[in-house]
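Numbering (our numbering), first residue to last: 17 to 84.
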């Protein structure tokens, strides 16, 4: 794995920060993908079972891409 890859994540205090990836998995791609565009204009493509963090009723929760 490339040790230089970083992702934006939440620390134990729910503060957003960039962190180095320590583990990744590969699986066969499904036929259906879900595309999202963030408020900042970034584009994200995920599988339906990928968990996304969303703000709902003032709380950050995990939801499957297929349920958003």
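Ideal Cβ placement from N, Cα and C applies to all residues, glycine included.
Everything numeric in this text was worked out from a predicted model, so none of it was measured.
Residue i and residue j closer than 9 Å at C-beta
{"i": "residue 50", "j": "residue 32", "result": "no"}
Beta-carbon contacts of residue i that lie in its chain and below 6 Å, excluding the five residues immediately before and after
{"i": "residue 27", "result": "33"}
{"i": "residue 46", "result": "63"}
{"i": "residue 59", "result": "53"}
{"i": "residue 81", "result": "50, 62, 64, 66 and 68"}
Nearest-angstrom Cα separation, counted from residue j out to residue i
{"i": "residue 84", "j": "residue 43", "result": "22 Å"}
{"i": "residue 35", "j": "residue 25", "result": "7 Å"}
{"i": "residue 76", "j": "residue 67", "result": "12 Å"}
{"i": "residue 72", "j": "residue 79", "result": "10 Å"}
{"i": "residue 55", "j": "residue 48", "result": "23 Å"}
{"i": "residue 70", "j": "residue 20", "result": "27 Å"}
Own chain partners of residue i with C-beta closer than 8 Å, once the 5 adjacent residues on each side are dropped
{"i": "residue 22", "result": "34, 35, 36 and 37"}
{"i": "residue 29", "result": "none"}
Same chain, Cβ closer than 7 Å to residue i, five either side skipped, listed in chain order
{"i": "residue 57", "result": "none"}
Residue range of the unbroken beta strand (DSSP E) whose run includes residue i
{"i": "residue 67", "result": "67 to 72"}
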